[in-house]
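Shown next, in structure tokens, is the structure this report addresses.
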Amino acid sequence: MKRASVWRWVALLALLVVPLISPAMAAGSRVLVLAEMDKAPQAETVAALNAELQRDGVDVSVLAPASANRASLTGARLIVTVGSHAAHTTVALETATPVLHVLLSRSTLDALGERPGSAPRSAIVLDQPAERQIALIRLALPKHERIATIAGPETPALARALNTAATRSGLDTRSAEVADIPALYPALRSVLEQPAVLVITPDSQVFNSQTVHHVLLTAFRLHAPVLGFSAAYVRAGAVLGLYTTPTQAGTETAAVVRQVLTGQALPSPTHHALFEVGVNPTVARALGIQLPQADALTDALRAQEGLAP
Amino acid sequence: MIERWGIRARVTFVAFVPMLVVAALMTATHTGLRLSDLDQALRARAQAHARQLAAASEYAIFAGDRETLGQLADALMLEDDVAAIAIRGADGQVLVRTGRFAATLPPTAPYPARVQTLETPDGRWLRIVEPIRPSHLPTEDVFSGGMVPANNVQAPLGQLIMDMSLARLQQRRSELLWIAAGWMVIVAVGSLLLARRMSRSVSGPIRETAEAVLSIGRGELDRRVTVSGGGSVRALAEGVNEMAERLQNAHASMARRIDDATSELRARKDEAERANLAKSRFLAAASHDLRQPLHALGLFLSELAQQPLDARSRQITGRLTASTEAMEGLLDSLLDISRLDAGVLAPERSVFDMHAKLEHIIAGQTSAAAARGLELRLRCPPCWGLSDPLLFERIVANLVSNAIRYTPAHGRVLMACRRRGERLRVEVRDSGPGIAVDDQQVIFQEFVQLGNAERARDKGLGLGLAIVRRLVDLLGHRLELRSAPGRGSVFAVEIPAAPQPEPVPGDREALALGHFGDLQVLLADDDALALSAMTSLLESWGCEVTAAQSAGGLMDALASGNAPDILITDLRLGGATDGLALITKVRAQPGLAGLPAVLISGDTAPESLARIQAAGVQMLHKPVRSARLRALMHRLLTAH
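Residue numbers (our numbering), protein chains in the order written: chain A, 1 to 309; chain B, 1001 to 1640.
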């Protein structure tokens, strides 16, 4: 059975169960979740969210963005959008209900623009903070003293933040900006001319499923370890991965929802506090790099950020 | 046309054509499949090459690595049949181009949507256009959130153009076709040989059987068919052999029977010939031995008749003379039959006066007719016939004599002659009892006499019609008999008519039957009685006779006597010298060459008659009638 359909069943079960076990928060505590349940990460996130909120008896409704309208959005205390599509839908429907966007990138969030009126809005972006990434590089690849970044049309700010953080950590930086895919290879050659750790920025115009293979191959040929932003990158050949899993995203979202339902205001947009480190030991071995275990790196990184391991 | 084919052609056809058809179908199918396989294999190989190169080129195109692309293309160029390769980037720019492209193929679009396969019309080139697509790696891109446009995913990185030369395929194709054609020829020739061998094995025995049957039909009954094979062919061969065996047996049996029958026939023929010879000898001997005394008797009677006798004696003498003449007539008839059977009678045809001849015959028969109280008449216009006059006279005289003999008293016998075209028809009609149809053939046999069961000798011997039949056959005339019981009989003889000849003076010189005054006659006869009788007769005619019983005696008498006027001798003289030799001897005497000579003989043996005829001597048969002797002597002496 496919993973997506498993999550779909989990979500459905959650929808049936939640109203029965949370009578205390029944009135005026309804949370509407807009999510594409046929997408595995979103379904996984919703499941984690539900699992957290079940305990509090929060009334959670899940609605597909495609079937959402202005009426269906009214009456909820909070709207949680999962994924960029749901985020764009709430913007388009111009609802006055407070909205929390999760499972989207910083650049997507920025692209949503300002909300009309004074309706509160917040987000938890998927982008890992530049400092965390640099810290991971310092932890896992202490011998590498340079990072290379390529900024696409969506991520110049992110690249700049990375460079800034790297410089602050005492790392050299090489960076390039590309407008389209054909310019990617020359840019890669350029930034990896000298030994460096390639940090992939989540710019779908440049780094997508078509190019990831080539980017990883090019970096490999140039003996450059890659830090990817998802588990898929690690599986495809990135030496390191730093990412927040959908379950972690759901858990964190549940915490924010809980705060809002208890009367607190929406916090300002933020990064995920929960994360995981992925390691591809095969590629690392091929590159002659000795890497600590992924769990060890995760724990060490969390420890640096003052979080419980 | 097939209906007229022989067994061999049919068997060959039946065995050869299906095999050829099957071979053609199998060869065509196999070759077609093989060609199709070759074609598909080449296309599949070409597409596989293209796909592999496209996949391998993906990263090099991403990297813009022309060197790598060139190496990849060069590596592929080493493959069989790859003629040219070009790789274009997404923007249509040619990144690599190697080999020679087929000019006949149209240029391809810069961005082909899918794999294209093009082939030149002449079938020499194949072009594969393969888009180079990026491989898709699922990254669960939560960041993009599925917002990446689909067309971006499908957009090809570039395009691979590969030309394959089909020359090798065509060569292989033609090789296959030649091999197929070769196999076809081999199969055709092989199957034809096999079919012919089979047909020979089938038709051979039948042909041999047919030839054997033809040979047997030509009479080679010992021909046999070699029995081989089985079934109907064996049965046929065995049947033919059995048939030939039976034919041969039947033929041999028939030949044996024919041989037996032939030898039996030959034996019977020999027996018959011996019997006939014996009969002839008997007749000859009998007539000779009978003639001798009869001859003497006749001569004595002739002499007696010249003596002065009283009435009673003269009547007895007349009766004796009549009886003797009847006996002489019977003997003459026997002699005639003998001579005719001996085949020594050579007809001497001449033109004669029919009327005179018939009158002469009538004259000879008038007394007999009168004695029986019959009316005998002649009706004949003046006409001339062509035949042997003497033999013809014998024929008609026999018929008239017969008619007189069998016609009852007061009946009529009519002799008539009339002209019928180129022939003369002489009829002898009588008012007698007639002859039944059954008897009309029988009466021509010897010694057959109708109405004479008692065989009264005054009715003859029954040889008359037998002689008539033989004479008619000898002369080549036609004899006809029309008769019915109670309505009389008509015997008719037809002879060729002839124009009247020029009158010959002296032809019918009438010889005076006068006295042979002082005629010197040499007479020889070994029989004393006959010699005596003849001497008396001749002397009664006024002749001077010098007689002897042997040739030697006569020669002696001749030497001492007068010159003879005529020689009369018996054929048998009881010594080494017979009558003929005596005549020769006498004629050899001086002054006697051409001496008239008369040979008298009772011998009717065919060889004797033939010898006498060959010598050209006048001959009288015993018993000699005095009148006949006298007439002959007259004729000889007159001619002399």
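Even for Gly, the Cβ is constructed at its ideal location relative to N, Cα and C. Small disclaimer: the values here were computed from a predicted structure and weren't measured.
N- and C-terminal bounds of the beta strand (DSSP E) containing residue i
i, result
"residue 278 of chain A", "276 to 279"
"residue 964 of chain B", "Not covered by the structure: residue 964 of chain B. The range shown for chain B is 1001 to 1640."
"residue 1099 of chain B", "1094 to 1099"
"residue 121 of chain A", "121 to 125"
"residue 1613 of chain B", "No beta strand (DSSP E) holds residue 1613 of chain B; the alpha helix (DSSP H) holding it covers 1606 to 1615."
"residue 1520 of chain B", "1519 to 1524"
"residue 1132 of chain B", "1125 to 1132"
"residue 1600 of chain B", "1597 to 1601"
For residue i, three-class secondary structure by DSSP
i, result
"residue 1589 of chain B", "coil"
"residue 1256 of chain B", "helix"
"residue 1578 of chain B", "coil"
"residue 1213 of chain B", "helix"
"residue 1285 of chain B", "helix"
"residue 1571 of chain B", "coil"
"residue 105 of chain A", "coil"
"residue 1074 of chain B", "helix"
"residue 58 of chain A", "coil"
"residue 66 of chain A", "helix"
"residue 271 of chain A", "strand"
"residue 1367 of chain B", "helix"
"residue 144 of chain A", "coil"
"residue 1353 of chain B", "strand"
"residue 1224 of chain B", "coil"
"residue 1162 of chain B", "strand"
"residue 1619 of chain B", "strand"
"residue 247 of chain A", "helix"
"residue 1067 of chain B", "helix"
"residue 262 of chain A", "coil"
"residue 198 of chain A", "strand"
"residue 1501 of chain B", "coil"
"residue 170 of chain A", "coil"
"residue 100 of chain A", "strand"
Chain-order list of residues whose beta-carbon lies under 7 Å from that of residue i (same chain, five-residue window excluded)
i, result
"residue 1443 of chain B", "1435, 1450 and 1465"
"residue 145 of chain A", "171 and 172"
"residue 140 of chain A", "240, 291, 292 and 297"
"residue 1482 of chain B", "1490"
"residue 252 of chain A", "124, 272, 273 and 274"
"residue 1208 of chain B", "1225 and 1226"
"residue 1012 of chain B", "1195, 1196 and 1199"
"residue 223 of chain A", "195 and 287"
Contacting residues, own chain, Cβ-Cβ under 6 Å from residue i (five flanking each side not counted)
i, result
"residue 1492 of chain B", "1425, 1427 and 1480"
"residue 1288 of chain B", "1602 and 1603"
"residue 1587 of chain B", "1593 and 1595"
"residue 157 of chain A", "none"
Own chain, CB closer than 8 Å to residue i, minus 5 neighbours either side, in chain order
i, result
"residue 294 of chain A", "276, 277, 278 and 279"
"residue 1158 of chain B", "1057, 1061, 1087, 1088, 1089, 1090, 1095, 1131 and 1132"
"residue 1360 of chain B", "1393"
Host alpha helix (DSSP H) of residue i (start-end)
i, result
"residue 90 of chain A", "84 to 93"
"residue 1018 of chain B", "1007 to 1063"
"residue 304 of chain A", "294 to 304"
"residue 1638 of chain B", "1626 to 1639"
"residue 41 of chain A", "40 to 54"
"residue 1667 of chain B", "This structure does not reach residue 1667 of chain B, given that chain B is present from 1001 up to 1640, and the question cannot be answered."
"residue 30 of chain A", "Per DSSP, residue 30 of chain A belongs to no alpha helix (DSSP H); it is in the beta strand (DSSP E), 30 to 34."
The ligand HEM heavy atom lying under 7 Å from the CB of residue i
i, result
"residue 271 of chain A", "In the structure on display, the ligand HEM does not appear, and there are no ligands present to speak of."
Sheet register partners of residue i (DSSP bridge)
i, result
"residue 1375 of chain B", "B:1412"
"residue 1482 of chain B", "B:1490"
"residue 1193 of chain B", "Partner(s): none; residue 1193 of chain B has no beta bridge."
"residue 1084 of chain B", "B:1099 and B:1163"
"residue 1117 of chain B", "B:1128"
"residue 150 of chain A", "A:176"
Query raised in the report: If you measure beta-carbon to beta-carbon, which residues of the stretch 1072 to 1106 of chain B are closer than 7 Å to chain A?
Result: Per Cβ criterion, the list is empty.
Query raised in the report: For the stretch 1048 to 1067 of chain B, which residues have a beta carbon sitting closer than 9 Å to at least one beta carbon of chain A?
Result: Taking 9 Å as the Cβ-Cβ cut-off, the stretch 1048 to 1067 of chain B approaches chain A at 1058, 1059, 1062, 1063, 1064 and 1065, given in chain order.
Query raised in the report: Looking at chain B, which residues of the stretch 208 to 230 of chain A have a Cβ within less than 8 Å of any of its Cβ atoms?
Result: Under the 8 Å Cβ criterion, the stretch 208 to 230 of chain A contributes 208, 209, 210, 211, 212, 213, 214, 217, 218, 229 and 230.
Requested in this report: Please list the residues of the stretch 1122 to 1137 of chain B that have a C-beta atom closer than 8 Å to any C-beta atom in chain A, keeping them in chain order.
Outcome: Answer set for the stretch 1122 to 1137 of chain B: 1134, 1135, 1136 and 1137.
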